[in-house]
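Protein chains in written order, with our numbering: chain D, 280 to 696; chain U, 6 to 104.
1) Quick check: the segment 420–439 of chain D against the segment 456–469 of chain D, are there 3 or more CB pairs under 8 Å?
2) At which residue ranges does the segment 72–103 of chain U contain complete alpha helix (DSSP H) runs of 4 or more residues, listed in the order of the chain?
3) Which one or two residues does DSSP pair with residue 349 (chain D) in a beta bridge?
4) Report yes or no: is there a C-beta of chain U within less than 8 Å of the C-beta of residue 235 (chain D)?
5) For chain U, check one thing: does any of its Cβ atoms lie closer than 8 Å to the Cβ of residue 471 (chain D)?
6) Determine the extent of the beta strand (DSSP E) in which residue 652 (chain D) is found, giving its start and end residues.
7) If we ignore side chains and look at the alpha-carbon of each, how far apart do residue 329 (chain D) and residue 681 (chain D) end up?
8) Determine the direct distance from the alpha carbon of residue 498 (chain D) to that of residue 481 (chain D), and round the result to whole angstroms.
9) Using a 10 Å radius around the Cβ and a threshold of 16 neighbouring Cβ atoms, would you call residue 343 (chain D) buried or exposed?
10) Please classify residue 456 (chain D) as buried or exposed, where buried requires at least 16 neighbouring CB atoms within 10 angstroms.
11) DSSP beta-bridge partners for residue 612 (chain D)?
12) If contact means a Cβ-Cβ distance below 7 Å, which residues of the segment 628–648 of chain D contact chain U?
13) Compare the Cα-Cα distances from residue 433 (chain D) to each of D:280, D:530, D:580, D:548 and report the closest residue.
14) Which of the three DSSP states, helix, strand or coil, is assigned to residue 696 (chain D)?
15) For residue 340 (chain D), which residues in the same chain have their Cβ closer than 8 Å to its Cβ, ignoring the five residues on either side in sequence?
16) Looking at the C-beta of residue 441 (chain D), does it have a partner C-beta in chain U at a distance below 8 Å?
17) Comparing the C-beta of residue 534 (chain D) with each C-beta of chain U, is any distance below 8 Å?
18) Just to confirm, are residue 661 (chain D) and residue 618 (chain D) a CB contact at a threshold of 8 Å?
19) Leaving out five residues before and five after residue 494 (chain D) in sequence, what residues of the same chain have Cβ atoms less than 6 Å from its Cβ?
20) Name the residues in the segment 668–681 of chain D whose C-beta lies less than 8 Å from a C-beta of chain U; which are they?
21) With DSSP collapsed to three states, give me the class of residue 365 (chain D).
22) Between the Cα of residue 690 (chain D) and the Cα atoms of D:518, D:633, D:325, D:368, which residue gives the shortest distance?
23) Closest Cβ-Cβ distance between residue 609 (chain D) and chain U: below 8 Å?
24) Which complete alpha helix (DSSP H) runs does the segment 427–509 of chain D hold, if anything under 4 residues is left out?
25) How many whole angstroms separate the CB atoms of residue 679 (chain D) and residue 602 (chain D), which I take to be in contact at a CB cut-off of 8 Å?
26) Within the same chain, show all residues whose beta-carbon is closer than 8 Å to that of residue 585 (chain D), passing over the 5 residues directly before and after it, in chain order.
27) What whole-angstrom Cβ distance do residue 597 (chain D) and residue 627 (chain D) have, given they're in contact under 8 Å?
28) Assuming contact is defined by CB atoms lying nearer than 8 Å, are residue 576 (chain D) and residue 437 (chain D) in contact in what I supplied?
29) Can you tell me the Cα-Cα spacing of residue 513 (chain D) and residue 76 (chain U), whole angstroms?
30) Please list the partners that residue 76 (chain U) has in chain D, where partner means a Cβ-to-Cβ separation under 9 Å.
31) Going by alpha carbons, who is nearest to residue 394 (chain D) out of D:325, D:475, D:501?
32) With a CB to CB cut of under 8 Å and the five nearest residues on each side skipped, what residues in its chain are close to residue 334 (chain D)?
33) Can you pull the chain U residues whose beta carbon is under 9 Å from the beta carbon of residue 476 (chain D), in chain order?
34) Taking just the CA atoms, how far does residue 506 (chain D) sit from residue 398 (chain D)?
35) Which residue marks the beginning of the beta strand (DSSP E) containing residue 578 (chain D), and which one marks its end?
36) Check the Cβ-Cβ distances between residue 116 (chain U) and every residue of chain D, and say whether any is below 8 Å.
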């Protein structure tokens, strides 16, 4: 028996396990290692704080998300030995592999910022990137009666880079609905030089911040959360006071990758941007949020990578050369509040452009423009996720980006995409 | 290539990574009021190396860890927004998000 071992059964690991299971004969064992007994639909964490999503709808037993013929080792990874092609586990016997896929994602690390886990943690300092954090924040928002609501990205890279912006837009709508928007200052604090950092987005979407009265504090590198004074302090000694702080802490790869030859300083795996092979080991691939790639850490990216990586794994098994097929394609709905959303579609080379995004059988959806249909498509995507994306049933979107429907002239006017 | 001849984008970042040279970096830094010493160079070379490997301009924490320079010290070396200044002087793209 030969083995493909997949570390992590999140979006990327589960999708590629199903794809490979379909394509490989019974002489191959397709196995995943994941210590958690549940699978979390992470995009739901954005809506949970506002009471627009429920835990029941976004959490499933992991066993129910893994199809027949996939072995699940419910255990945590301790170390990887790429010479012996063996993975040591926390509890069980070591596992050998013929090919290894690292799909262990990324996690928030509030412990890396002085004072973040201090007295204010989960009292008036919250994250919404974990189920626990998002649920606690729902309660805090329900009790919020106005003041300074500060949204703070500590540093890039983060999962779903548009989520903090979506949170700000949804918070604006939520506070208005509760009648306390005029009693609330909504502040968006970013280490980058703007809430929008690409030329077209800045030009076409800047109005959203103005219209919603969201203040933006730029180039703010958070060094400390001071729970006594209720301020965040930057490395250059600027202070932003808050009554309620919603923070996006630094992200890192899994702890078993820290200080290994496979990964960089933030424990993200050094990965070939086009073939998705790990750079520093043979017979190892990396998919989804665990890579060090400049593509977004997002579910759509994991899905597109799973399509293309499956073909490359089959090539590797046949001793053929890998195809440099991944182009950084990402496709995301961006909630803008009041029942509207935008759709963005881009890759390594092309920034999000306006136009129409054709989906066979569903019709075109407008790109880089707010509309209600995009909002409903985003909300319905949860069902696509459970029933098609995870079990790797066909989804009619190309894994590589297409220029069909996109207005290239918009980028040309600004001097290139 | 000299400072006058080199192409930059609207925000002052080098249009092409290949136009970069140590001389140009020195000129760019002087223009920003910074005299480059070995400490600066350690940070700049690290940022260039990471961008070359991963295809995106690194955040300060990654630069700090690899170059073994505390973030506080990076702020002293490059006051007024080190992430942008480092990218400009090192001739790598602006640190960006996806929108």
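Even for Gly, the Cβ is constructed at its ideal location relative to N, Cα and C.
This is what the structure holds:
1) yes
2) 76–82, 87–95
3) D:309
4) One cannot answer for residue 235 (chain D) here, as it falls past the ends of chain D, which runs 280 to 696.
5) yes
6) Per DSSP, residue 652 (chain D) belongs to no beta strand (DSSP E); it is in the alpha helix (DSSP H), 651–663.
7) 35 Å
8) 16 Å
9) exposed
10) exposed
11) D:622
12) 631
13) D:530
14) With a pLDDT of 44 at residue 696 (chain D), under the threshold of 50, the modelled position of this residue cannot be trusted; read the value that follows with caution. The answer is coil: DSSP assigns residue 696 (chain D) none of H, G, I, E or B.
15) 316, 317, 318
16) yes
17) no
18) no
19) 466
20) none
21) strand
22) D:633
23) yes
24) 442–456, 478–490
25) With 8 Å as the limit, residue 679 (chain D) and residue 602 (chain D) do not qualify as a contact, their Cβ atoms being about 11 Å apart.
26) 291, 294, 295, 298, 566, 671
27) Contact doesn't hold; Cβ gap of about 27 Å is too wide.
28) yes
29) 11 Å
30) 500, 502, 514
31) D:501
32) 327, 410, 414
33) 99, 100, 101, 102, 103, 104
34) 6 Å
35) It is not in any beta strand (DSSP E) - residue 578 (chain D) instead sits in the alpha helix (DSSP H) that spans 578–596.
36) The first residue shown for chain U is 6 and the last is 104, placing residue 116 (chain U) beyond what the model contains.
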